[in-house]
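The structure appears right after this line, and notes come after that.
Numbering (this note's numbering), first residue to last: 7 to 310.
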């Protein structure tokens with residue numbers, strides 16, 4: 007069991023580097039827009055900074071608009087204009103992101119965040135272009151916010167460790183699978199109400215997170231393309247280019263001391279131990295783990 011209060015966090019905010027970076031990125035965009043309001047007002051510019059950001063960073067539902075602003079399919083997931091919008095998303099990201107890192111690893115947090123956001127944007131665009139009910143608002147509709155990405159993280163950790171319990175204020179101990187299912191159902195039944203596009207995007211993110219967790223258990227990573235795309239973009243920008251590092255292996259008798267088969271064998275054995283620990287958590291809770299089991303789980307999450 008995992009407690010959301012006090013000093014009960016298994017991993018601290020400062021240690022989750024990728025989690026910190028994602029939260030900082032969202033906050034930086036939000037604060038930059040708010041800071042620019044005053045100079046825009048003083049200079050009497052015809053467009054406000056929040057409207058400018060909405061035009062150039064939010065993802066449009068209309069395909070022709072998206073064609074001219076393809077970057078918005080990524081930038082929209084870091085854009086918030088309302089205080090309570092970013093507050094709710096960052097709270098979800100902070101708490102569930104820590105659990106994600108604990109079970110699935112820090113490196114995967116970024117790829118699932120990006121993949122979930124893109125999946126949410128695509129489902130939103132498809133719905134608004136397929137169903138006649140959205141025809142009138144299609145030309146002006148835009149989506150923004152990290153909600154789809156956060157839902158991908160919630161669904162992923164809820165699928166990977168469904169019976170892991172966390173203690174929620176006023177509710178007591180609640181299993182992750184119930185949190186994920188509840189959030190998904192709320193989005194489905196809310197599509198016909200206000201913010202249809204947002205709820206549709208949430209569902210797209212949740213579906214991505216669900217299938218990621220299922221495939222990850224089988225040894226497949228459906229979000230690996232994010233790392234490839236990121237590496238390509240860095241290579242295209244001279245300021246991000248890095249020298250290639252050479253890894254040297256100590257050789258014994260002209261052969262590598264650690265073969266590829268030995269490495270794969272150790273990885274399979276470690277994964278088997280992690281799966282056994284997760285089964286134990288599902289049956290008896292996190293507190294039932296020994297110190298060695300907790301250390302192994304934490305080490306495995308950092309190596310993913």
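Built from N, CA and C at the ideal position, the CB exists for glycine as well.
Here the structure is a predicted model, which means the values were calculated and not measured.
Exercise. DSSP three-state call for residue 69: helix, strand or coil?
Worked result: Three-state DSSP puts residue 69 in a helix.
Problem set entry | Whether residue 162 touches residue 219 by CB criterion (7 Å) | Yes, they are a contact pair.
Exercise. In or out: residue 178 buried (at least 16 other Cβ within 10 Å) or exposed?
Worked result: Counting of Cβ neighbours within 10 angstroms places residue 178 among the exposed residues, the total staying below 16.
Problem set entry | Supposed contact pair residue 32 and residue 91 - C-beta distance, whole angstroms, cut 8 Å | No, residue 91 and residue 32 are not in contact; Cβ-Cβ is about 10 Å, not under 8 Å.
For this session: Tell me whether the beta-carbon of residue 2 lies closer than 7 Å to the beta-carbon of residue 158.
Result: Any question about residue 2 goes unanswered here, given that the chain covers just 7 to 310.
Exercise. Taking C-alpha atoms, which residue in 53, 59, 45 and 49 lies nearest to residue 34?
Worked result: 59
Exercise. Around the Cβ of residue 23, are there at least 16 other Cβ atoms within 10 angstroms (buried) or fewer (exposed)?
Worked result: exposed
Problem set entry | For residue 36, the nearest candidate out of 114, 150 and 118 (CA to CA) | Restricting attention to 114, 150 and 118, the CA atom closest to the CA of residue 36 is found in 150.
Exercise. If we call anything under 7 Å between Cβ atoms a contact, is residue 115 one with residue 106?
Worked result: Less than 7 Å separates the beta-carbon of residue 115 from that of residue 106.
Exercise. Using 8 Å as the threshold, is the stretch 122-142 in touch with the stretch 61-69, meaning 3 or more CB pairs across them?
Worked result: yes
Exercise. To which residues does DSSP link residue 149 through a beta bridge?
Worked result: Paired residue(s): 65.
For this session: With a 10 Å radius around its C-beta and 16 neighbouring C-beta atoms as the bar for buried, classify residue 95 as buried or exposed.
Result: buried
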